[in-house]
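Letter by letter, the sequence shown follows residues 0 to 421 of numbering that gives the first Met the number 0. Backbone N, C-alpha and C fix where the C-beta goes; we use that ideal spot for every residue, glycine too. A quick note: this is a predicted structure, and the numbers were derived from the prediction, not measured. Here's the structure, in structure tokens; my notes come after.
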Amino acid sequence: MPVDAGPADPEAAWSVLGGDGRVALEAVELHRVEVGFRRPVRTSRGVHRRRPLVLVRVLGTTDHGEAVEGWGECAALADSAYDPEDAEGAASTLEHVLVPSLLASAATSGGCLPPVAALPALRSGAPEAPLAYAALEMAVADAHLRAAGLPLADLLGIPDRPVLAGAVVGRYEVEEELLARVGDLVAAGYPRVKLKIGPGGDVGPVGAVRRHHPDLLLQVDANESYTEADADRLAALDEFGLLCIEQPFDRRDLGAHARLASRLRTPVCLDEGLSSPAAVATALDLGACSVVCVKPARLGGIAATLATVAACRRRGVPLWIGGMFESAYARGVNAAVAGLPGFAWPGDLGPASDYLDETLVATRRGAPATVGGLVAVEVPRVPGMGPPPDLEAVVRLGRWSVRLAAPDGADRGPPGAADGAV
Ligand code: MG
């Protein structure tokens with residue numbers, strides 16, 4: 000399939016993935032690994048030093064008798080400050096609800112790995128777990144794509160050109176250190192920088208960065224750290240010509256966001272509360288945001304993301320892709336999604352090696368992508384969702400794993416990992 004002439008409707012293309020029933024499901028492994036952040040990540044909610052990652056590995060056999068696997072990555076963080084699901088809870092949801100549902104579904108269809116269109120029905124046992132579900136969906140879709148020899152980007156008709164990457168900067172206590180960090184990123188060619196802000200660290204540092212970089216695409220993320228009593232403070236950010244201010248208030252208070260949006264010249268963007276396509280529609284209807292941060296995991300997976308993208312395009316709402324400190328695997332998936340029409344601004348697509356000690360994906364050689372001399376990332380073109388995690392790294396960094404086998408699945412056994420909890 001020519002990469003520039005894919006289907007006009009990505010949702011339709013996605014919905015038929017796996018419908019040919021060519022993959023027999025044998026087993027599903029769950030792995031929890033833990034990697035370190037290269038530098039502590041400070042937000043208004045605290046400091047993160049370690050990044051747990053829950054990975055789903057689907058094992059199957061194609062109709063040609065060849066082994067095929069599919070990887071999914073869960074975006075849940077170490078705690079539930081950002082999202083109600085934390086890594087431990089998401090792993091439990093996968094082990095006790097979603098994966099057993101997948102295996103049961105396969106058992107009712109002759110052992111076939113369910114198509115992606117059948118997956119939403121598996122959510123009934125865990126309707127409030129979009130991050131765990133997104134990981135399962137990613138793994139199943141990866142297996143189907145690999146069995147078909149098809150890259151995600153080709154399935155969705157995503158153009159074969161790099162997408163611009165933005166950088167994210169945590170809060171700094173010392174202004175000179177912040178300026179040095181932003182200076183390094185601008186020198187490296189990042190076309191957009193997002194600053195984390197919060198009470199006590201907003202107008203001052205943002206103004207300092209703006210004075211040093213008058214033409215930089217600059218946006219800020221408050222991670223819910225303000226209340227409406229801070230509206231004057233937030234209005235003072237208008238003078239800095241920001242792309243947007245992200246999630247200033249509690250995610251549940253759409254009314255406060257709407258009132259702020261009506262007052263500011265700076266567009267208000269939401270992130271934390273956008274946990275489904277319906278949540279995005281409600282926020283837009285209420286005027287609580289005019290820009291949408293797309294995080295495929297937080298929205299509940301690729302199908303939910305494609306629905307959100309289509310709805311926002313119909314309304315003319317600009318999109319950009321956010322990050323959740325993914326490994327290089329899920330970040331590659333995000334790069335493909337960011338290649339869809341409708342993504343107006345550079346997203347949080349800087350390489351995982353910028354923030355993680357281990358990216359889980361074997362490093363590929365070659366010059367980094369650029370667009371007009373600016374930092375960009377290639378849209379992955381390998382069969383599957385993207386360049387997959389390296390099993391050796393997963394085993395080496397593993398803290399826990401479990402294997403759930405299909406009732407009649409031939410048990411190949413996971414290389415390097417024992418059955419049961421480790
Ligand atoms: Mg955010």
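{"query": "3 or more residues per run - each beta strand (DSSP E) lying fully within the region 146-227", "result": "162-168, 191-195 and 216-220"}
{"query": "Straight-line gap, PRO406 to ARG180 (C-alpha atoms, nearest Å)", "result": "53 Å"}
{"query": "Best match in VAL53, VAL40 and PRO9 for proximity to ALA329 [C-alpha to C-alpha]", "result": "VAL53"}
{"query": "DSSP-derived helix/strand/coil call for CYS235", "result": "Before going further, note that residue 235 is Ala rather than Cys in the sequence given. If DSSP states are grouped into helix, strand and coil, ALA235 belongs with the helices."}
{"query": "Sequence-distant residues of its chain with Cβ nearer than 8 Å to PRO99 (five each side left out)", "result": "LEU403"}
{"query": "Cβ-heavy atom distance, GLN246 to ligand 1, below 7 Å", "result": "yes"}
{"query": "Contact test: GLY299 Cβ vs ligand 1 heavy atom, cutoff 7 Å", "result": "no"}
{"query": "Exposure label - ASP220; buried when at least 16 CB within 10 Å", "result": "buried"}
{"query": "N- and C-terminal bounds of the beta strand (DSSP E) containing GLU68", "result": "66-73"}
{"query": "Candidates ARG50, THR369, ALA278 and CYS243: closest to ARG264 by CA position", "result": "CYS243"}
{"query": "Nearest candidate by alpha-carbon position, reference VAL202, set ARG210, GLY188 and ARG232", "result": "ARG232"}
{"query": "Three-state secondary structure (DSSP) of LEU112", "result": "coil"}
{"query": "Any non-hydrogen atom of ligand 1 within 7 Å of CYS243 CB", "result": "no"}
{"query": "Simplified DSSP state of VAL15, which is helix, strand or coil", "result": "coil"}
{"query": "DSSP three-state assignment for ASP141, whether helix, strand or coil", "result": "helix"}
{"query": "Per-residue DSSP class, three states only, for ARG251", "result": "coil"}
{"query": "Opening and closing residue of the beta strand (DSSP E) in which LEU318 lies", "result": "318-320"}
{"query": "Stretch pair the region 335-344 + the region 377-386: three plus CB contacts closer than 8 Å", "result": "yes"}
{"query": "Collapsed DSSP secondary structure at GLY5 in the structure displayed", "result": "The predicted model places GLY5 with a pLDDT of 46, which falls under 50 and marks its position as unreliable; any figure quoted below should be read in that light. Three-state result, GLY5: coil."}
{"query": "Assigned secondary structure, VAL401 (DSSP; H/G/I helix, E/B strand, else coil)", "result": "strand"}
{"query": "Residue burial classification, GLU271 (beta-carbon count within 10 angstroms, cutoff 16)", "result": "buried"}
{"query": "Distance cut-off 7 Å: ASP220 Cβ against heavy atoms of ligand 1", "result": "yes"}
{"query": "In DSSP terms, what ALA26 is bridged to", "result": "LEU58 and ALA404"}
{"query": "Limits of the beta strand (DSSP E) - the one that ALA423 falls within", "result": "The structure shown has nothing for residue 423, since the chain only spans 0 to 421."}
{"query": "N-terminal and C-terminal residue of the alpha helix (DSSP H) that CYS288 is part of", "result": "Counting along the chain, CYS288 falls outside any alpha helix (DSSP H), and DSSP gives it neither H nor E."}
{"query": "Burial state of GLY424, where buried means 16 or more other Cβ atoms lie within 10 Å", "result": "Outside the displayed span of the chain (0 to 421) sits residue 424, for which this structure offers no information."}
{"query": "Element boundaries [beta strand (DSSP E), containing LEU269]", "result": "267-269"}
{"query": "Beta-carbon proximity of LEU101 to LEU121, cut-off 8 Å", "result": "yes"}
{"query": "Bridge-paired residues (DSSP) for ILE244", "result": "VAL219 and VAL267"}
{"query": "Cβ-based burial, ASP82 [other Cβ within 10 Å; buried from 16]", "result": "buried"}
{"query": "Simplified DSSP assignment, three categories, for GLY124", "result": "helix"}
{"query": "Environment of VAL173 [buried if 16+ CB atoms lie within 10 Å]", "result": "exposed"}
{"query": "Neighbourhood of LEU149 by C-beta distance below 7 Å, restricted to the same chain and skipping five residues each side", "result": "PRO382"}
{"query": "For GLY299, three-class secondary structure by DSSP", "result": "coil"}
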